[in-house]
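Comments concern the structure below.
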Amino acid sequence: MRPTRELLIALLLIASCHEEEEEEERDQLRENYWRVQIVVAGAGTVQTSSEVFDCVADGRAQVGMCGPTLVTFDELHPPLLRATAAPGWRFVRWESQVRSPFGFVRSRVGPMPDGMFYVDGFGYSDTGELETVRAVFSKR
Numbered sequence: 192m193r194p195t196r197e198l199l200i201a202l203l204l205i206a207s208c209h210e211e212e213e214e215e216e217r218d219q220l221r222e223n224y225w226r227v228q229i230v231v232a233g234a235g236t237v238q239t240s241s242e243v244f245d246c247v248a249d250g251r252a253q254v255g256m257c258g259p260t261l262v263t264f265d266e267l268h269p270p271l272l273r274a275t276a277a278p279g280w281r282f283v284r285w286e287s288q289v290r291s292p293f294g295f296v297r298s299r300v301g302p303m304p305d306g307m308f309y310v311d312g313f314g315y316s317d318t319g320e321l322e323t324v325r326a327v328f329s330k331r
């Protein structure tokens, strides 16, 4: 008994889907790169749960782990930055500038986050670029 054309097409689709799932799983485990420096304008903290960044400012000076740091991560565990305002202050916005190794400056690709969390990345290779992420706080 010969398989029908529809059965052959269904088997090919199943095999193709399985290959795409395996490729997606491999991509999720690939290292992503992000070279980043944190700047805090005003009084507050920017930190990650993985303790890569813990940058604190009191409105005059900034201290802590602010970078620049080359961070590597897989797709499922990005270094999520969290902005927390100091007492009497409020978080206003994120700002970003990306500097190429040749000195050219551009804005972040894609929309800017509008909440207290920020994440970015430069893909599967180290481009040599540096993103300066600024968390802006203002007095209440």
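This note's numbering applies: residue 192 is where the sequence shown begins, and numbers increase by one.
Glycine is no exception: its CB is placed at the ideal position from the N, C-alpha and C atoms.
- Taken atom to atom, the span from the alpha-carbon of residue 239 to that of residue 254 is near 15 Å.
- Taking residue 317 as reference, the option from 247, 227, 220 and 295 with the minimal CA-CA separation is 227.
- Residue 318: not part of any beta strand (DSSP E); DSSP gives it neither H nor E.
- Put simply, of 233, 258, 302 and 249 the residue whose alpha carbon is nearest the alpha carbon of residue 322 is 258.
- A straight-line Cα-Cα distance of about 12 Å links residue 245 and residue 260.
- Distance from the CA atom of residue 232 to the CA atom of residue 248, rounded to whole angstroms, is 7 Å.
- Ranked by how close their Cα comes to the Cα of residue 271, the residues 328, 211 and 312 have 312 in first place.
- Within the model, the alpha-carbon separation for residue 308 versus residue 326 is close to 10 Å.
- Out of 320, 330, 220 and 304, the CA that lies nearest to the CA of residue 294 is found in 320.
- Residue pairing by DSSP places residue 246 opposite 237 and 255 in a beta bridge.
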